[in-house]
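**Student:** The structure is given below, and queries will be raised subsequently.
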Amino acid sequence: MSDGDARAIATDRAGGASEPVLTREDRASLLRFMLLMRAAEERGLRLYKQGKVPGSFYDGRGQEAISVGSSFALAPEDRMCILHRDLGAHFVRGVSPERYLANYMGRSGGVTGGKDGNLHFGDPELGCVGMVSMLPDMAPVATGMALAMKMRGERRVAMTYFGEGSTANGQWHEAMNMAGIHRLPVVFVLENNGYAYSTPNELEFAADPVERAESYGFHGVKVDGNDVEAVFEASVEASERARGGGGPTLIGCRTMRMHGHGAHDDMSYVPDGVLESWERRDPIDRYRRHLADHHGFSEQELDEVATAVTEQVAEDARRALDSPMPEPSLASEGLYAEAFRPLGDGVAPWSRWAERKPLRPVNGNGRSPSSEASVSRSAA
Amino acid sequence: MSDGDARAIATDRAGGASEPVLTREDRASLLRFMLLMRAAEERGLRLYKQGKVPGSFYDGRGQEAISVGSSFALAPEDRMCILHRDLGAHFVRGVSPERYLANYMGRSGGVTGGKDGNLHFGDPELGCVGMVSMLPDMAPVATGMALAMKMRGERRVAMTYFGEGSTANGQWHEAMNMAGIHRLPVVFVLENNGYAYSTPNELEFAADPVERAESYGFHGVKVDGNDVEAVFEASVEASERARGGGGPTLIGCRTMRMHGHGAHDDMSYVPDGVLESWERRDPIDRYRRHLADHHGFSEQELDEVATAVTEQVAEDARRALDSPMPEPSLASEGLYAEAFRPLGDGVAPWSRWAERKPLRPVNGNGRSPSSEASVSRSAA
Amino acid sequence: MSPEATGIAPEEAPSQTTPAQPTHPGGSREMTYLEAISDALREEMRRDEAVFCIGEDIGAFGGAFKVTDGFAEEFGAARVLDAPLAENAIIGAAVGAAVEGMRPVCEMQFSDFIACGFDQLVNVAAKLHYRQGLAAPMVVRLPSGGGFSGGPFHSQNPEAWLLQAPGLKVVAPGSPADAKGLLTAAIRDANPVCFLEHKGLYRYLREPVPEGEYVVELGKAQMIREGDELTVIAYGSAVGLATQAVDELEADATVLDLRSLAPLDTEAVLEAARRTGKVLVAHEATRTCGVGAEIAAIVSELAFEHLDAPVRRLTAPNLPIPFSPPLEQAVLPQLADMKEACRELLDY
Amino acid sequence: MSPEATGIAPEEAPSQTTPAQPTHPGGSREMTYLEAISDALREEMRRDEAVFCIGEDIGAFGGAFKVTDGFAEEFGAARVLDAPLAENAIIGAAVGAAVEGMRPVCEMQFSDFIACGFDQLVNVAAKLHYRQGLAAPMVVRLPSGGGFSGGPFHSQNPEAWLLQAPGLKVVAPGSPADAKGLLTAAIRDANPVCFLEHKGLYRYLREPVPEGEYVVELGKAQMIREGDELTVIAYGSAVGLATQAVDELEADATVLDLRSLAPLDTEAVLEAARRTGKVLVAHEATRTCGVGAEIAAIVSELAFEHLDAPVRRLTAPNLPIPFSPPLEQAVLPQLADMKEACRELLDY
Ligand SMILES: Cc1ncc(C[n+]2csc(CCOP(=O)(O)OP(=O)(O)O)c2C)c(N)n1
Ligand SMILES: Cc1ncc(C[n+]2csc(CCOP(=O)(O)OP(=O)(O)O)c2C)c(N)n1
Ligand SMILES: [Mg+2]
Ligand SMILES: [Mg+2]
């Protein structure tokens, strides 16, 4: 499939809305975040092979355009539940490669400080709720965040992800259905990467789950998941719709998981030639070419972005390796919360957000101050 | 809505298959089973009001055409999981009003002998698996029965029911999805009676769940749930499709729950006039008129059917009341099974089944004799 | 048995009085256990607009047991949200709303349906703070217990499942005043709290309950009777049974109402066990790996030298709760069983 | 820590030998715990065409831990069914197939995911025979346990949840031979049996296992060491730890491997408790309302007069299992903890 075909798929989803404006710098950012995700995951995999990562290792190679393109659309006050193939979204929202790598290695400098591993994290300060293993359990959670936003009359959005395999689970259905009934401001990003672990699409469902959006009463769109701007545009449209009270959107991204489910998985179940053909649609290579061909980026400029990323990851890996293991006594801390602390806002690198007003109403339907300040009386 | 309109809805579902043949006697049976359901439930409700039914009381008044019409299509070797609005199906398959009433009263003569109450029963000897409260948990179970049938290459069908409210639950989705993937011989009968307990359709879903069938890769049809022959015809078509390897069908029946969720529920949440308008579409009255107008049944004949039913229920109620309460010692029996015993076949009153061959292959892909004979070695 | 025993019908069943609570400055009013729960919920919804209810049929209908009767009128349908029949979505959405600063109170129509929302409760809600340092202040109300021919799916006491899910708090009031005070504390707590309300007590218990704000700290047991020869440790429906039994036996016994199962007031348990030397643990839930087992293990380990008799458990046996009255009565602990268990220990 | 500790990678970890089993007429072959499970499953699928497997990635891929490696080739994809990611559907479909005369063996990819199929397991499967007299012969395989940085969702031991669901049988082999014999018995049993297989033992334990048909009756504990001063009651991963501890301490101790948790071999437990007067119960699962609590309660009640020391529990505390090695080691019971617990009791 050529670049042109991919575009055709992308416009498939268009609803006539005017194109969101990406500056030159925004485009460089999109490339940079994809490169950052790839480089950080490559580094993580190396650390794993060196025995520095306990447990298992999972990455999202080949799927970088999805998490980067979708999260790039969000405002600081929006909220995310990010999944195991979506490292790029953590970087967009402000997590550093250092904290990602440290988390994988179980170090105290990791986002969870060693309490949880892998991509099972979300930085509350950056408006994220860390995923659990059970799939797709974050779909109801994101739905609940959107419910709170709607109850308070806020122009905000919750966004979450799931693989196509996870759509078989009942919780997916429950979340879609509830989101549809109340037209909640939630954006669901479906990543169809061909497989659930080893299980191919034909054993996961008999009809493309994107098609189901309609039967939940909301919009479903198909985009080329290897085209970062297509994902971005669909996400902008979905977020704007959500903010305007138009309800949820299911964005179905077709892509391919270019690595095994985890590092131990040799993908012997993937037929010959499939990976090779997807390799030619690599989202990073394609976007690099696209920037050169259509947006006047020079090879030197593009190389500079790549070099900066390489250096950043190298430096962050060093720092992550310097981070100590947690003290064993930490294990017995933090079972219960002493008090509620609200989520913070994420970084929103899209230039559009640089100077706009906050999306939360200043008063009226806003958050109850008592609830934010509320202090637990429990003995804990 | 007139009778004519209802017919229009019914033909909506038609697929061009030739009309299944109903004899005059079959039609009398359909009327009789609907009357039997209504009379038995009325009797049950009276017993409840007299304090003879412990716990609560639930019925399916107004929905008689659905359970009767659908189960009437089945062959003896087919299997059912029957729900709380579907007493008619138990009667069609061979349960007596006596055992139904005794079960409600917690007597030893009830189908569960007092272990469980309400409609939480299924007679294993008649090919039925008793429902649980959790909705719609029988959908995966029926799917599993159909899976077994398919694995053994049998031309048999599993049929189950659920209310429209239950379609919001994740298990509904999981069952639909699995049935669709493997094109299993299962017939799902959806009863949209307007409410889940007090919750109206608009708070249950944003789009009619029948429409979802397609997104699971199988047929969905809409029928007038108050037209017994329409339900029957859709069920015959669905069962034949299933037997022929054509996969599941979701039959969506529009109806109205004419009583509260349970006897304690005064239905104050139903807007004025709704019940009255549905009363005019009562499935039993309509069918009686239909038999008189189109099939030459005399008033006397029809009265005779009704009288016989009244007498049968009176007699069965007497016997149920004579049935003793179970011995307390029974409570501690039967937690574990000592050995597996296969389900028996149900009664199949449709004249078509009177002289046909068994649907199970005689050998080859059939049941493993070892598994039927297998004896538990457990200490229990 | 008639339906009002389930608390569904509006008629009132004969009520029993538990010992008076400490007097409250704001005055008090006679309330049933059910009214006390409604009262706490209403007070908190008035006080804090972040508090909202979500569950099946809780809006216009007021809930299967009428706990939220009139709430939709007072607070609007958006804060008394009728949910679709989807327990994982209810609990999962509550987690999401909670981290966003709301204070959701979920109602399971019957506690038995917690099995349908189990994953969100034990994997998402319970572990969130430990794993991510993120608080999820939410309550899951669980109408529990049997005794009215609810059968195997409307009579369960699910507390042991919840206690095996570290990160949840679990409370089980045995009196109207505690029901109000503990629910208030649960709503204000920063953690997911499972609130077990026994359906059999809904309209059976009635006593003066403090008006206005009333908080009972989570994690504190309460002494209902003080005596030196025996301690009966109970919670929920077993508290009344235990009190009645020792009163009728005129036993010199302590009755300790745990009130909170997690955190557990181990100190109060051990103090009573050491002081009396004989312990009976009583609950309605089934036996194996239940609260009784845990208390017996704690007492046997930490009060070993003080014990004058084996720690006994009075519980339902390991069976589903059958429907028919004679079967159900054979399974659920009765007053006679309680008296016999006390007598045996006293005579040991 | 490297991935093979999870049993996922093909490399072999250093293995430990458990005491020899009684010799078997059909001869025996060295197998790991994992191979013994595969072997039982393969034998039963060959013997009875009603037996089939259903689970995620168990077909062409052979399962996350490779238990069904090669099965799809031998038995065809239809009998080694790759299920969609839907645990309630897997267990529910198994119930349906079981009542139809099949013998389904479900695999949960990790035992932690049982929370996602909990409702079908505890409400449908467990209660079916009691309520309806209908047997559902099925097995749910549950790869359990931690020790390899699986984190809070890949390290749990869910047995207490299952034991609080009357109607389920629950087994937890601690050796390769028992893994084979108990799985065979589980498949042939007429009830839903939860089969807890500890992931840490998969490639760690290796011993001669009887070839061909081999059945270990459900509900029978096994004495691993016989001694008079102390009894350590354990199952699963704690059995090896207990044996090693008493051996290294050269203690005159009995080690009892429960093997079945439901039904429980209460007789064997009480015999050992009465004979030795001192009991330690050890398991990896978290503490509150766990198997340790149940055993401690039973022993304290029924062997009270024979006890020379408090019954002690060695378990994980009430915490999720953290990911990072130093944290995980702080939470899971270690050999040193086991030795210390034994020593304390011996010195009591
Ligand atoms: C409820 C649940 N069951 C099983 C698993 C084990 N598991 C982990 S990833 C995976 C496949 C997920 O596939 P998909 O949703 O397509 O996401 P992908 O990994 O392809 O991005 C499975 C079955 C799980 N995580 N959650
Ligand atoms: C999982 C689950 N949650 C809650 C309930 C409580 N409940 C019993 S009936 C009912 C409404 C069911 O509505 P619907 O599926 O439309 O069936 P109907 O009763 O209208 O036939 C509810 C919520 C239940 N039975 N199962
Ligand atoms: Mg996938
Ligand atoms: Mg309905």
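Protein chains in written order, with the numbering used here: chain R, -18 to 361; chain X, -18 to 361; chain Y, 33 to 380; chain B, 33 to 380.
Ideal Cβ placement from N, Cα and C applies to all residues, glycine included.
#1: Return yes when at least one heavy atom of ligand 3 lies under 7 Å from the C-beta of R:N158, else no.
#2: Count the C-beta pairs between the stretch 146 to 164 of chain Y and the stretch 160 to 174 of chain B that are closer than 8 Å, then say yes if the count reaches three, no if not.
#3: Secondary structure at R:K203, three-state DSSP: helix, strand or coil?
#4: Ignoring anything shorter than 3 residues or poking outside the stretch 331 to 367 of chain B, list the beta strand (DSSP E) runs there in chain order.
#5: Against X:T93, what residues of chain B qualify as contacts under a CB-to-CB distance less than 9 Å, listed in chain order?
#6: So, using beta-carbon positions, are B:V225 and B:K201 closer together than 8 Å?
#7: So what does Y:H230 bridge to, in DSSP terms?
#8: If we count Cβ pairs, one from each stretch, closer than 8 Å, do we get three or more for the stretch 210 to 229 of chain X versus the stretch 176 to 189 of chain X?
#9: If I'm right that R:A129 touches R:V167 with Cβ under 8 Å, what's the distance once you round it to whole angstroms?
#10: Residues bridged to Y:S60 by DSSP?
#11: X:G98 and Y:F180: beta carbons closer than 8 Å?
#12: Between the Cα of R:D189 and the Cα atoms of R:I232, R:Y178, R:S48, which residue gives the shortest distance?
#13: Check whether chain D comes within 8 Å of B:A92, counting only Cβ atoms and requiring the distance to be less than that.
#14: What residues of chain X sit near Y:F145, judged by a beta carbon separation below 9 Å?
#15: By a C-beta neighbour count over all protein chains shown, 10 Å radius and 16 as the cutoff for buried, is Y:R61 buried or exposed?
#16: Around the C-beta of R:P305, are 16 or more other C-beta atoms found within 10 angstroms, so that it is buried, or is it exposed?
#17: Under 8 Å between the Cβ atoms of B:E261 and B:K310?
#18: Looking at the C-beta of Y:T320, does it have a partner C-beta in chain B at a distance below 8 Å?
#19: Which residues, in order along the stretch 118 to 146 of chain R, keep a beta-carbon less than 9 Å from a beta-carbon of chain B?
#20: If we define contact as Cβ-Cβ less than 8 Å, is Y:N223 a contact residue for chain B?
#21: Shortest alpha-carbon distance to R:A301 belongs to which of R:H163, R:H276, R:E79, R:R137?
#22: Enumerate, from N- to C-terminal direction, the unbroken alpha helix (DSSP H) stretches of 4 or more residues contained entirely within the stretch 84 to 171 of chain Y.
#23: Using a Cβ-Cβ cut-off of 8 Å, state whether X:F186 counts as contacting chain R.
#24: Would you check if the distance between the CB atom of R:V92 and the CB atom of R:C62 is smaller than 8 Å?
#25: Would the stretch 107 to 118 of chain Y count as touching the stretch 91 to 99 of chain Y if we require 3 or more Cβ pairs under 8 Å?
#26: Taking just the CA atoms, how far does Y:A192 sit from Y:L293?
#27: When we look at the beta-carbon of Y:Q188 and count the other beta-carbons within 10 Å, is it buried (16 or more) or exposed?
#28: Which runs of the beta strand (DSSP E) fall wholly inside the stretch 177 to 220 of chain Y and span at least 3 residues, in chain order?
#29: Using a C-beta to C-beta distance shorter than 8 Å, which residues of chain B count as neighbours of R:M306?
#30: Any Cβ of chain Y within less than 8 Å of the Cβ of X:D97?
#31: I need the DSSP call for R:E314, collapsed to helix, strand or coil.
#32: Under a CB-based cut-off of 8 Å, is R:S313 close to chain B?
#33: Identify the residues that DSSP records as bridge partners of X:C62: which are they?
#34: Is R:L272 buried or exposed, if buried means 16 or more other CB atoms sit within 10 Å of its CB?
#35: I'd like to confirm something about R:Y176: is its beta-carbon nearer than 7 Å to some heavy atom of ligand 3, or not?
#36: Applying the criterion that 16 or more other CB atoms from any shown protein chain within 10 Å of the CB defines a buried residue, is Y:S78 buried or exposed?
**Tutor:** Based on what the coordinates show:
#1: For R:N158, the shortest separation between its Cβ and any heavy atom of ligand 3 does not lie below 7 Å.
#2: No, they do not touch.
#3: In the structure shown, R:K203 sits in a strand (DSSP, three-state: E or B).
#4: Listed in chain order, the complete beta strand (DSSP E) runs (minimum 3 residues) inside the stretch 331 to 367 of chain B are 344 to 348.
#5: The contacting residues are R163, Q164, G165.
#6: In this structure, B:V225 sits near B:K201, with a CB-CB distance shorter than 8 Å.
#7: In the DSSP assignment, Y:H230 forms a beta bridge with Y:S176.
#8: Touching, no.
#9: Their Cβ separation, rounded to whole angstroms, is 11 Å, which puts R:A129 and R:V167 out of contact at 8 Å.
#10: DSSP lists Y:P242 as partners of Y:S60.
#11: Taking 8 Å as the Cβ cut-off, X:G98 and Y:F180 do not qualify as a contacting pair.
#12: For R:D189, the closest of R:I232, R:Y178, R:S48 by C-alpha to C-alpha distance is R:I232.
#13: Protein chains in the displayed structure are R, X, Y and B, and chain D is not among them.
#14: Chain-ordered, the chain X residues with CB closer than 9 Å to the CB of Y:F145 read S114, M115.
#15: By the neighbour-count rule (16 or more Cβ atoms within 10 Å), Y:R61 is not buried but exposed.
#16: Per the 10 Å Cβ criterion, exposed.
#17: A Cβ-Cβ contact shorter than 8 Å links B:E261 with B:K310.
#18: At least one beta carbon of chain B lies nearer than 8 Å to the beta carbon of Y:T320.
#19: Answer in chain order: D118, G144, G146.
#20: At a cut-off of 8 Å between C-beta atoms, Y:N223 does not count as an interface residue with respect to chain B.
#21: Measuring from the Cα of R:A301, the nearest candidate turns out to be R:E79.
#22: 103 to 107, 119 to 131, 160 to 164, all fully within the stretch 84 to 171 of chain Y.
#23: True, the Cβ-Cβ gap to chain R drops below 8 Å.
#24: For the pair R:V92 and R:C62, the CB atoms are not nearer than the 8 Å cut-off.
#25: Output reads yes: the stretch 91 to 99 of chain Y touches the stretch 107 to 118 of chain Y.
#26: The alpha-carbon of Y:L293 is positioned some 9 Å away from that of Y:A192.
#27: Burial call: buried.
#28: The qualifying runs are 201 to 203.
#29: Think of a sphere of 8 Å around the beta carbon of R:M306: the chain B residues whose beta carbon falls inside it are S356, P357, P358, in chain order.
#30: Judged by the 8 Å Cβ criterion, X:D97 is in contact with chain Y.
#31: Looking at R:E314 - three-state DSSP - the assignment turns out to be coil, as it is neither helix nor strand.
#32: Yes, contact with chain B.
#33: X:T141, per the DSSP bridge assignment.
#34: The residue in question, R:L272, is buried, as its Cβ has 16 or more Cβ neighbours within 10 Å.
#35: Under cutoff, so the answer is yes.
#36: Sequence check: residue 78 of chain Y is Arg here, not Ser. It is exposed - the Cβ of Y:R78 has fewer than 16 other Cβ atoms within 10 Å.
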